[in-house]
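Engineer: First the structure, then my questions, so here it is.
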Amino acid sequence: MALDQRHVATIQQLGTIVRELDGRYVGRRDAARLLVVAAVCREHMLLLGPPGTAKTDLVGHFAGLIQARSFTYLLTRFTEPSELFGPLDFERFQKGVYRVKTDDMLPAAEIAFLDEVFQGSSAILNTLLSVVNERYFFNGASRERVPLVSLFGASSELPEDPALRAFGDRFLLRMEVEQVARTMMPELLKRGWQQERERVARDGAAEPAIPPIRLQDLLALSGKLAEVDLGPVRDAYAEVITDVLAQGVTLSDRRIVRGQKLVAAAALLRQSLVARPVDLWPVAHIWTEPGDAGALREAVGDRVVADGGQSTAGGRTVAELEALARHHAMAVLGKAGAPTQAGVIVAMRGINEVHRQLRADHRGEPAAQQRVHALLAEVAALLDDPQGDGHV
Numbered sequence: 001m002a003l004d005q006r007h008v009a010t011i012q013q014l015g016t017i018v019r020e021l022d023g024r025y026v027g028r029r030d031a032a033r034l035l036v037v038a039a040v041c042r043e044h045m046l047l048l049g050p051p052g053t054a055k056t057d058l059v060g061h062f063a064g065l066i067q068a069r070s071f072t073y074l075l076t077r078f079t080e081p082s083e084l085f086g087p088l089d090f091e092r093f094q095k096g097v098y099r100v101k102t103d104d105m106l107p108a109a110e111i112a113f114l115d116e117v118f119q120g121s122s123a124i125l126n127t128l129l130s131v132v133n134e135r136y137f138f139n140g141a142s143r144e145r146v147p148l149v150s151l152f153g154a155s156s157e158l159p160e161d162p163a164l165r166a167f168g169d170r171f172l173l174r175m176e177v178e179q180v181a182r183t184m185m186p187e188l189l190k191r192g193w194q195q196e197r198e199r200v201a202r203d204g205a206a207e208p209a210i211p212p213i214r215l216q217d218l219l220a221l222s223g224k225l226a227e228v229d230l231g232p233v234r235d236a237y238a239e240v241i242t243d244v245l246a247q248g249v250t251l252s253d254r255r256i257v258r259g260q261k262l263v264a265a266a267a268l269l270r271q272s273l274v275a276r277p278v279d280l281w282p283v284a285h286i287w288t289e290p291g292d293a294g295a296l297r298e299a300v301g302d303r304v305v306a307d308g309g310q311s312t313a314g315g316r317t318v319a320e321l322e323a324l325a326r327h328h329a330m331a332v333l334g335k336a337g338a339p340t341q342a343g344v345i346v347a348m349r350g351i352n353e354v355h356r357q358l359r360a361d362h363r364g365e366p367a368a369q370q371r372v373h374a375l376l377a378e379v380a381a382l383l384d385d386p387q388g389d390g391h392v
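Under UniProt numbering, read the sequence shown as residues 1 to 392, first letter to last.
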């Protein structure tokens, strides 16, 4: 069966969401793509990184682009279960029935975000296990189905406690969110100031920049996952897993099996019901330990690139690479007076390396490659008029 127009329209809306997040947050395109994959798969995602890297704002903005009930909370060691799951229903308690009121709380949410997710008490994490894994909440003596689509968690680091590690394994997707590179600082300041201006103008109220996607459309697309033919890519997927396990990478059977769903989602987002090796890209983010991320990126990236996709091992986004090229160029173009020949050659080498990385890691971005090549030509033109004194 082919995708009908409704599903295609949903995929196009999700693409618009990725572009919106990519345009709003510097260096967060990969995170935006993974947020979409997680929602399509109805899986959970963990963002790891230091404070101040826009993890909360990124997920909050993403949730605002989906017409869904959302719940956000910052956990501390002193957070009480009632702050997440709801207060005691005193009327029923007086009649001998223990229940909590879950209205507007986590059990009623469809998209949830928990900041510092590993700071919760054992009582909180034990309850969360059934919520995120089985989609059930035990409310007193009854077991209630929860409508949770995806839980997004954030933390500055992974915990050492084995019990917390077991809970952390429920986050199938992992993303390390790092500080924006210094070469991207002007763009960070520009976009950040625009967001601050928007907040002031709206008195802190958030408004979607694009029409939100309907939750029922998102869930309808999720229902197509079972129809994706993984046959053409199953051997390649098995090779990836075998390769990284041989290198000592730790992956639970749960992660290995559910990783196939990510491949199916990538195929759907490509508007196809037949998976290809290019659709393996999300598998680079199923690692358990941050130190294993590189091995997965390399194993996945080789197969993705061979199928015409973008490398997962580059480490820099298109925007970051373009900013780096401009940084090299302005070292000679932006200086007062004639630059030295040696300085021009150094700048050319730097821009050429950026161009090489773009071709290797972002094959699907010819426009960016052309812009960087144009910068290289502009800098190279400085060599056309040598003055013989070390300057050009």
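Beta carbons are placed, not taken as given, at the ideal position from N, Cα and C, and that holds for glycine.
As the structure is a computational prediction, the values presented were derived from the model and not from experiment.
Is it right to say Ile286 is buried, meaning 16 or more other beta carbons lie within 10 angstroms of its own, or is it exposed?
Structural biologist: Here residue 286 refers to the residue found at position 286 when the sequence shown is read from its first residue. With 16 or more Cβ atoms within 10 Å of its Cβ, Ile286 is classed as buried.
Engineer: From Val304, Ile213, Glu110, pick the residue whose C-alpha is nearest to that of Ser70; which is it?
Structural biologist: By one-based count along the sequence shown, residue 70 stands at place 70. Closest option to Ser70, Cα to Cα, is Glu110.
Engineer: What's the gap between the Cα of Ala264 and the Cα of Leu333?
Structural biologist: In the sequence shown, the residue the question calls residue 264 occupies position 264. In the sequence shown, the residue the question calls residue 333 occupies position 333. Those two C-alpha atoms are separated by around 47 Å.
Engineer: Here's the rule I'm using: 16 or more other beta-carbon atoms within 10 Å means buried, otherwise exposed. How should Tyr98 be labelled?
Structural biologist: The sequence position of residue 98 within the sequence shown is 98, counting from 1. Per the 10 Å Cβ criterion, exposed.
Engineer: Just how far apart, CA to CA, sit Val18 and Ala32?
Structural biologist: In the sequence shown, counting from the first residue as 1, residue 18 sits at position 18. In the sequence shown, counting from the first residue as 1, residue 32 sits at position 32. The straight-line gap from Cα to Cα measures roughly 5 Å.
Engineer: Suppose you measure from the CA of Leu148 to the CA of Leu47; what does that come to, to the nearest Å?
Structural biologist: Translated into the one-based positions of the sequence shown, residue 148 becomes position 148. Translated into the one-based positions of the sequence shown, residue 47 becomes position 47. Using only the alpha carbons, I get a separation of about 18 Å.
Engineer: Find the nearest neighbour of Gly45 within the set Asp115, Leu230, Lys190, judged by alpha-carbon distance.
Structural biologist: In the sequence shown, residue 45 corresponds to position 45, counting from 1. The displayed chain sequence assigns Met, not Gly, to residue 45. For the residues Asp115, Leu230, Lys190, the minimum Cα distance to Met45 belongs to Asp115.
Engineer: If you reduce the DSSP assignment to three classes, tell me which class Val228 lands in.
Structural biologist: Along the sequence shown, read from residue 1 onward, the residue named residue 228 stands at position 228. Reduced to three states, the DSSP call for Val228 is coil.
Engineer: Rounded to the nearest angstrom, what separates Gly309 and Leu358 at their Cα positions?
Structural biologist: As a first step, residue 309 must be located in the sequence shown, where it is residue number 309. As a first step, residue 358 must be located in the sequence shown, where it is residue number 358. Roughly 12 Å between the two C-alpha positions.
Engineer: For Leu125, does the three-state DSSP call read helix, strand or coil?
Structural biologist: Locating residue 125 in the sequence shown gives position 125, counting from the first residue. Helix, per DSSP.
Engineer: Taking DSSP as the reference, what is the three-state secondary structure of Glu176?
Structural biologist: Locating residue 176 in the sequence shown gives position 176, where the first residue counts as 1. Note: Glu176 maps to strand in three-state DSSP.
Engineer: DSSP on Ser130, reduced to helix/strand/coil?
Structural biologist: In the sequence shown, residue 130 corresponds to position 130, counting from 1. DSSP places Ser130 in helix when its eight states are reduced to three.
Engineer: Under the three-state reduction of DSSP, which class applies to Gly52: helix, strand or coil?
Structural biologist: In the sequence shown, the residue the question calls residue 52 occupies position 52. DSSP places Gly52 in coil when its eight states are reduced to three.
Engineer: DSSP three-state call for Ile345: helix, strand or coil?
Structural biologist: By 1-based counting over the sequence shown, the position of residue 345 is 345. Helix, per DSSP.
Engineer: Cβ-heavy atom distance between Gln216 and the ligand SAH below 7 Å?
Structural biologist: With respect to the ligand SAH, the structure shown offers nothing to examine, as it has no ligands at all.
Engineer: List the whole-angstrom C-beta distance separating Thr250 from Glu196, where the pair is believed to meet the contact cut-off of C-beta under 8 Å.
Structural biologist: Translated into the one-based positions of the sequence shown, residue 250 becomes position 250. Translated into the one-based positions of the sequence shown, residue 196 becomes position 196. About 42 Å; that fails the 8 Å criterion.
Engineer: Out of Gln216, Ala266, Val117, Asn352, state which residue places its alpha-carbon closest to the alpha-carbon of Val37.
Structural biologist: Position 37 of the sequence shown, counted from the start, is the residue given in the question as residue 37. With distances taken between Cα atoms, Val37 lies closest to Ala266.
Engineer: Check whether the stretch 20-32 touches the stretch 151-159, taking contact to mean three or more Cβ pairs, one atom from each stretch, closer than 8 Å.
Structural biologist: no
Engineer: Using only the alpha-carbon positions, how far apart do Gly388 and Val233 sit?
Structural biologist: As a working mapping, residue 388 is identified with position 388 in the sequence shown. As a working mapping, residue 233 is identified with position 233 in the sequence shown. Confidence at Gly388 is low in this model, with a pLDDT of 39, below 50, so the placement of that residue should be treated as unreliable; the coordinate-derived value is given next. Taking the straight line joining both Cα atoms gives about 59 Å.
Engineer: Could you tell me the alpha carbon to alpha carbon distance between Leu84 and Ala123, rounded to whole angstroms?
Structural biologist: Along the sequence shown, read from residue 1 onward, the residue named residue 84 stands at position 84. Along the sequence shown, read from residue 1 onward, the residue named residue 123 stands at position 123. Straight-line Cα distance between these residues: approximately 11 Å.
Engineer: Within the same chain, show all residues whose beta-carbon is closer than 7 Å to that of Leu376, passing over the 5 residues directly before and after it, in chain order.
Structural biologist: Locating residue 376 in the sequence shown gives position 376, counting from the first residue. Hits under 7 Å: Met348, Ile351, Asn352, His355.
Engineer: From the DSSP output, in three-state form, read off Ile286 for me.
Structural biologist: Here the question's residue 286 lines up with position 286 in the sequence shown. Looking at Ile286 - three-state DSSP - the assignment turns out to be coil, as it is neither helix nor strand.
Engineer: Which of the three DSSP states is assigned to Ile256 in this structure?
Structural biologist: The residue labelled residue 256 in the question sits at position 256 within the sequence shown. If DSSP states are grouped into helix, strand and coil, Ile256 belongs with the helices.
Engineer: Take Ala166 as the anchor and find which of Val146, Asn126, Glu43, Tyr136 has the nearest alpha-carbon.
Structural biologist: Position 166 of the sequence shown, counting from 1, holds the residue named residue 166. Closest by alpha carbon: Asn126.
Engineer: Could you pull the DSSP bridge partners for Phe171 from this structure?
Structural biologist: In the sequence shown, residue 171 corresponds to position 171, counting from 1. Partner(s): none; Phe171 has no beta bridge.
Engineer: Exposed or buried, Phe93, counting other C-beta atoms within 10 Å across all chains shown (16 or more means buried)?
Structural biologist: As a working note, residue 93 is residue 93 in the sequence shown. It is exposed - the Cβ of Phe93 has fewer than 16 other Cβ atoms within 10 Å.
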